[in-house]
Amino acid sequence: MQIGVPKETAPRERRVALAPDSVARLVKAGAQVVVERGAGATAAFSDAAYAAAGATVAQGPTDALASDVVAKVQRPSPDEARALKAGAILISLLQPASSADLLPVLADRKVTALSLERVPRITRAQSMDVLSSQSTVAGYKAVLIGASLMPKFLPMLTTAAGNIAPAKTFVLGAGVAGLQAIATARRLGAIVSAFDVRPAVKEQVQSLGATFVAAEAIAADAEDKGGYAREQTAEQQERTANLLHGHLKQMDLVITTAQIPGRPAPRLITEAMVADMHPGAVIVDLAAESGGNCALTKPGETIDVNGVLVYGAVDVPSTVPTHASQMFGRNVLTLLQHLMKDGAVAIDLSDEIAGPMCVVYQGQARTP
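Numbering-wise (my numbering), the sequence shown opens with residue 36 and increments by one.
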């Protein structure tokens, strides 16, 4: 069985689907791995490192894309999809809900495509969940981005010029990204508070040293069976807005992470809320690519609203490409180990992991 790792071609993407440590384990398991020359360069993995791990380094994308199994970070372009071997297995972030142009091309090539966004949230699949691993990276980096944009220090400092008060940081959404943002901001010395509509995360927030802001805005049924937040009712949204409006006025740095799978991100911060924040405050919106938690967010841009900066974060994990790639690659490695039978990858639609992930099966597109 040959596994191909082509160089990523999407704008801003610096990660690679398999780092050398994961390649070495696949080779040890009997797989042949072909890595396109330079595929890991932007993540600080040299071609020599891949060769030392046992991979074959190919001069161009052709050999990697013609493999039995192709692992990518971002979905392939239509040209890349047409270059896939007939009957191949593709493992990638595929954004199936917005890939109406891509899925028919994959089906025409009789490709079986597994969408990494659809790894089920069950215990057996935790080690395969790229959304969680990459959210860890995003939550960490969001605080660093915010700190770099702020006109203040995050920690309290005692200096010859007197004491400097610590900055106040507020994290909206206490999922994987939010919890990592809380932990990072606390390590840097900020006073941290957090909000989430799910009451179950209160203990996790407090265990990291942050204050949980909730009051009457949360509901007992705010979490679905997958652990994600449900969309709030109009009445709940109004209570949340009133709570957030008052709290935001005091904040120096706000990190927003709230998202609902398959739907636009909930709009939590209105223009009026931003207008009431003090000059010098910073909002880092990690939900920018799915519509934004802030009404003023523009993906990939920093907007100045009367001295308040609103940063629309995009592809944040790619800005920490070495560790993000290692984590991504280990997720893919674990998935491949789960799927491998007798030296080959076998897709069983009745499998509780592969079934939900499969968006194209042997040339037939499935419901995204």
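Every residue gets a Cβ at the ideal spot worked out from N, C-alpha and C, and that includes glycine.
Residue(s) in a DSSP beta bridge with residue i
i      : result
LYS376 : ALA379
ILE226 : LYS203
ALA148 : LEU125 and VAL395
GLU71  : ALA93
ASN198 : THR193
ILE38  : VAL68 and VAL104
ASP339 : LEU344
PHE188 : According to DSSP, which records beta bridges pairwise, PHE188 is partnered with nothing at all.
ILE290 : VAL206 and VAL319
ILE304 : CYS329
GLN130 : For GLN130, which the question treats as bridged, DSSP gives no partner whatsoever.
ALA84  : Partner(s): none; ALA84 has no beta bridge.
GLN109 : LEU128
PRO247 : According to the sequence as given, residue 247 is Phe; it is not Pro. PHE247 pairs with ALA229.
Burial state of residue i, where buried means 16 or more other Cβ atoms lie within 10 Å
i      : result
MET312 : buried
GLY95  : exposed
ALA348 : buried
ASN328 : buried
THR97  : exposed
ALA196 : exposed
GLN241 : exposed
ARG144 : buried
LEU192 : exposed
LYS376 : exposed
ALA83  : exposed
LEU129 : buried
LEU384 : exposed
ALA404 : Because the chain is modelled from 36 through 403, residue 404 falls outside the range shown and cannot be assessed.
Proximity below 8 Å, CB of residue i to CB of residue j
i      : j      : result
PRO391 : PRO155 : yes
LEU149 : VAL165 : no
VAL40  : VAL51  : yes
VAL345 : LEU331 : yes
ALA316 : ASP287 : yes
ALA93  : ARG72  : yes
SER57  : ARG365 : yes
LEU368 : VAL380 : no
VAL211 : SER167 : yes
LEU223 : ALA177 : no
SER134 : ARG153 : no
ILE217 : LEU184 : no
GLY297 : PRO314 : no
From the options, residue whose alpha carbon lies closest to that of residue i
i      : options                           : result
ASP103 : ILE382, ALA400 and VAL394         : ILE382
VAL146 : ALA225, ASP136 and LYS120         : LYS120
GLY326 : THR305, GLU306, PRO301 and ASN341 : PRO301
ARG233 : PRO190, SER242 and LEU207         : LEU207
GLY398 : ARG60, ILE124, GLY73 and ASP82    : ILE124
GLY378 : GLY335, LEU384 and ALA66          : ALA66
ARG100 : ASN277, GLU270, GLN37 and GLN272  : As written in the sequence, residue 100 is Leu, which differs from the Arg given in the question. Comparing Cα positions, the closest option is GLN37.
TYR85  : ALA59, GLY213 and GLU270          : ALA59
ALA276 : ARG298, LYS176, GLY244 and VAL309 : VAL309
THR292 : GLY244, PRO314 and GLY213         : GLY213
ALA202 : GLU273, GLN285 and GLN271         : GLN285
GLN271 : PRO296, ALA245, LEU303 and ILE290 : LEU303
ALA88  : ALA106, LYS107, LEU53 and VAL108  : LEU53
LYS107 : ALA64, LEU374, PHE363 and LEU278  : PHE363
VAL105 : PHE80, VAL68, ILE290 and ASP136   : VAL68
Neighbourhood of residue i by C-beta, 6 Å cutoff - its chain only, sequence neighbours within 5 removed
i      : result
GLN294 : ALA300, ALA322 and SER325
PRO352 : GLN169, VAL172, ALA173 and ALA359
THR204 : ALA220, ALA225, VAL227 and LEU288
LYS42  : GLU71, GLY73 and ALA74
TYR175 : GLN215 and THR219
ILE180 : VAL319
HIS280 : MET308
Residue i beta carbon near the ligand FMN (any heavy atom closer than 7 Å)
i      : result
ASP320 : By its list of ligands, the structure shown contains no ligand whatsoever, and the ligand FMN lies outside what it can speak to.
Contacts around residue i, its chain only, beta-carbon distance under 8 Å, and the 5 residues preceding and following it disregarded
i      : result
GLU47  : Note that residue 47 is Arg in the sequence shown, not Glu. Taken in chain order, the residues that qualify are VAL349, ASP350 and SER353.
HIS282 : PHE205, SER228, PHE230 and VAL248
VAL140 : PRO113, ALA116 and ARG117
ILE157 : GLU387 and ILE388
GLN239 : ALA209 and LEU214
Same chain only: Cβ atoms within 7 Å of residue i, ignoring 5 sequence neighbours per side
i      : result
GLY112 : The sequence shown places Ser at residue 112, rather than the Gly named in the question. Around SER112: THR44.
VAL395 : LEU138, LEU141, ALA142, VAL146, THR147, ALA148 and ARG401
ARG49  : THR77, ALA78, SER353 and PRO356
GLN361 : ALA54 and ASP56
ALA200 : MET191
ARG159 : ILE388
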